[in-house]
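In our numbering, the protein residues as written are -11 to 212. Input: a single structure, listed below in structure tokens.
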Amino acid sequence: MISVVIPTYNAKQGLMRLLDCLKACPYKYEVVVADGGSSDGTVSYAKSRDCRIVATAKGRGVQLKAGAAATSGEWLLVLHADTVLSPEWPEVLTDFFNRPDAADKAAYFTFALDDPISQDARRIEDMVAWRCKTLGLPFGDQGLLLTRALYDVVGGYEAAPLMEDVGLVRRIGKERLVCLPAKAITSAERYKKDGYFLRPLRNLFCLGLYYLGVPPQTILRFYG
-11 MISVVIPTYN AKQGLMRLLD CLKACPYKYE VVVADGGSSD GTVSYAKSRD
39 CRIVATAKGR GVQLKAGAAA TSGEWLLVLH ADTVLSPEWP EVLTDFFNRP
89 DAADKAAYFT FALDDPISQD ARRIEDMVAW RCKTLGLPFG DQGLLLTRAL
139 YDVVGGYEAA PLMEDVGLVR RIGKERLVCL PAKAITSAER YKKDGYFLRP
189 LRNLFCLGLY YLGVPPQTIL RFYG
């Protein structure tokens, strides 16, 4: 059993695409939607697709912590609502499960943006690939797959307004992280709005503040 955890806030359109993508899963799965107070029909749509709903305060860390607590599967797959997986993901998932050490690892997907013609998008994808390979720091928009047992051992998500994904993968550790050769294709809307240069720069600045010990609530002021 795979428990898919999806944090949402006014994310109906993205959730529709993601749930359609998940229908290709070759294993038994459940979907837990941790909603932070949507007003666009996200919750009613999720209910119509037989998702389990967990209502929480808004904040991705709070939502993910509550969503993971409501799962019943032995595996957790955490995905953002504005992300879909590339078509080969079911085969890649099976290959990962066939690894003898799969239960001791945590896997994430290869980052991609849904802007196929932008060279700026390709540069960001290359930067993310370097960050993951060199620093062992995949972000939440790349998904995360791990056993519930490993999730519990490392302490799970912190109820923080941001950087909850960085906190978790740091506790998992680089040596236990596996990059899957299927893409997590994420909306490029924020990059188009904030700029393909300024958005990554802001993310890097916020990451630096986090490593310096600045509280996530304070970092949120700069994140936007």
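For each residue, glycine too, the CB sits at the ideal point set by N, CA and C.
May I ask you to report which of helix, strand or coil DSSP gives residue i?
i	result
residue 23	strand
residue -9	strand
residue 96	strand
residue 171	strand
residue -4	strand
residue 62	coil
residue 187	helix
residue 17	strand
residue 43	strand
residue 165	strand
residue 155	helix
residue 49	helix
residue 54	helix
residue 255	Residue 255 lies beyond the residue range present for the chain, which begins at -11 and ends at 212; the question has no answer from this structure.
residue 240	The displayed coordinates of the chain run from -11 to 212. Any statement about residue 240 would go beyond what the structure contains.
residue 2	helix
residue 8	helix
residue 196	helix
residue 37	coil
Comparing alpha-carbon positions, which option in the options lies nearest residue i?
i	options	result
residue 165	34, -7, 205 and 98	98
residue 59	169, 17, 25 and 172	17
residue 206	149, 38 and 25	149
residue 125	105, 187, 147 and 162	162
residue 34	-1, 196, 208 and -11	-1
residue 191	103, 112, 42 and 7	112
residue 199	44, 177, 158 and 7	158
residue 55	88, 128 and 19	19
residue 147	22, 2, -10 and 1	22
residue 62	108, 8, 90 and 129	90
residue 169	80, 102, 88 and 47	80
residue 108	57, 84 and 187	187
Any chance the CB of residue i is under 7 Å from a heavy atom of the ligand FMN?
i	result
residue 32	With respect to the ligand FMN, the structure offers nothing, as it holds no ligand at all.
Touch check for the stretch 176 to 188 and the stretch 128 to 143: three-plus C-beta pairs under 8 Å? no
The stretch 140 to 156 touching the stretch 167 to 181, judged by at least three CB pairs closer than 8 Å: no
Which runs of the beta strand (DSSP E) fall wholly inside the stretch 70 to 149 and span at least 3 residues, in chain order? 71 to 73, 94 to 101 and 132 to 135
Per the contact definition of three or more C-beta pairs closer than 8 Å, is the stretch 59 to 72 in contact with the stretch -11 to -4? yes
So, does the stretch 107 to 122 touch the stretch 12 to 30, judging by three or more C-beta pairs under 8 Å? no
Are the stretch 157 to 176 and the stretch 73 to 83 in contact at 8 Å, needing three or more beta carbon pairs? yes
Evaluate the contact criterion for the stretch 86 to 100 versus the stretch 120 to 138: three or more CB pairs, one atom per stretch, below 8 Å. yes
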